[in-house]
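Take a look at the structure below.
Residue numbers (the working numbering), protein chains in the order written: chain A, 19 to 218; chain B, 61 to 217.
This is the structure we're talking about:
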């Protein structure tokens, strides 16, 4: 009896402990590899959206005209996330603005760093630690001419065997002086997940 | 051997009694009716007490009796061991039953948020407190009307 109880309890303990064994392994992977871990918005979707939007904007005839003789100054308004997911939309706009900057056709003002820039100018002007003749002056910043804005929406349908997610990312470029939308485009992504009844 | 047995039971009890639950799965694609954007005017952490009657008391009594019996079985010899086993089972079962027969008081942590959306309307939303997402006044938020009829507040990035 004793041996039986002991054997059962020790076995149960070993089984329970083996379930908790941490066997994590760290590996480097391809950052551009297609990620299909789940149906939710992932890195591949972010790269697709940013890549397609940037290409579309750069090859647009309207933008070609705008950037023919000058490098227009833009600012990026935050992307409105209309999905159920907590998606880092700032990361999408970061990717788009970085690609546009690297194209050499646009310049950007970063509204997210206005306070930090103001503090630095105040330090240069008022701290007494910086040569005032060489300090950066207030009121010399250049305002943005165009605003890049958009939204990300999704439609989700699912039943017990299949889930379908449709993402639509819309981006627009507005002339801040005239209020005209000079360019717009949208990218669609459809992802489906089906139960596989036979797998090897 | 008694020590080994007791250690095994203790480990088992600890392993199965410890569990954690995520409050919200915010990275899940689920149907949405609409999303409003706004900011937090005020945040108030509140709690709600609920009396919950344990539905699994039968199983827990049985488990208590089993463990008590097994421990009691380790003591004494001959008929003394049988008595110790029965006593252990009775005591174990009784402790388990007494612990789980009474309604349990469960404190649910909630957060009450006053939200002002971009069209000027104000909403009061009460949702589960989520350690992963702590709200502060003037935080930019999204008010998500899910297709299942519930509303959830998320921070904007």
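For glycine and all other residues, C-beta sits at the position ideal for the given N, C-alpha and C. As the structure is a computational prediction, the values presented were derived from the model and not from experiment.
In this structure, does DSSP put residue 165 of chain B in helix, strand or coil?
-> strand
How many Å lie between residue 122 of chain A and residue 73 of chain A at the Cα?
-> 13 Å
For residue 112 of chain B, which of helix, strand or coil comes out of DSSP?
-> strand
State whether the segment 148 to 156 of chain B contacts the segment 169 to 187 of chain B, with contact taken as three or more CB pairs (one from each stretch) at a distance under 8 Å.
-> no
Work out the CA separation of residue 75 of chain A and residue 164 of chain A for me, nearest whole Å.
-> 13 Å
Assigned secondary structure, residue 60 of chain A (DSSP; H/G/I helix, E/B strand, else coil) | Correct three-state label for residue 60 of chain A: coil.
Would residue 207 of chain B pass as a contact of residue 85 of chain B if the rule is Cβ separation under 8 Å?
-> no
Whole-angstrom Cβ separation of residue 183 of chain A and residue 172 of chain A, contact assumed at under 8 Å?
-> 6 Å
Three-way DSSP call (helix, strand, coil) for residue 132 of chain A in this model | helix
8 Å contact criterion, which residue 209 of chain A and residue 110 of chain A should meet: CB distance rounded | About 17 Å separates the two Cβ atoms, so there is no contact after all.
Shorter than 8 Å from the beta carbon of residue 106 of chain A to some beta carbon of chain B?
-> yes
Given a cut-off of 8 Å, decide if residue 84 of chain A and residue 206 of chain A are closer than it, judged by their beta-carbon atoms.
-> no
May I have the straight-line CA-CA distance separating residue 171 of chain B from residue 182 of chain B, to the nearest angstrom?
-> Distance between the alpha carbons of residue 171 of chain B and residue 182 of chain B is about 16 Å.
Cβ of residue 213 of chain B less than 8 Å from any chain A Cβ?
-> no
Residue 102 of chain B vs residue 197 of chain B beta-carbon contact at 8 Å = yes
Should residue 218 of chain B go down as buried or exposed, given a rule of 16 or more other Cβ atoms within 10 Å for buried?
-> The displayed coordinates of chain B run from 61 to 217. Any statement about residue 218 of chain B would go beyond what the structure contains.
Residue 112 of chain A by DSSP, collapsed to three states: which one?
-> helix
Stretch-stretch touch, CB-based, cutoff 8 Å, three pairs: the segment 84 to 102 of chain A with the segment 119 to 138 of chain A | Contact holds: three or more Cβ-Cβ distances are below 8 Å.
Cut-off 6 Å between Cβ atoms - residues of its own chain near residue 175 of chain A, not counting five sequence neighbours on either side = 182
Under 7 Å from the C-beta of residue 102 of chain A: neighbouring residues of chain B | 88, 89, 90, 92, 204, 206
Go ahead and label residue 102 of chain A buried or exposed: buried means 16 or more other beta carbons lie within 10 angstroms of its beta carbon, across all protein chains shown.
-> Buried, because 16 or more other Cβ atoms sit within 10 Å of the Cβ of residue 102 of chain A.
Near residue 144 of chain B, which residues of its chain fall below 6 Å by C-beta distance, leaving aside the five closest residues on each side in sequence?
-> 132, 135, 136
Contact list for residue 97 of chain B against chain A, beta-carbon separation under 8 Å | 98
Ends of the beta strand (DSSP E) at residue 304 of chain A?
-> This structure gives no information on residue 304 of chain A, because the portion of chain A shown stretches from 19 to 218.
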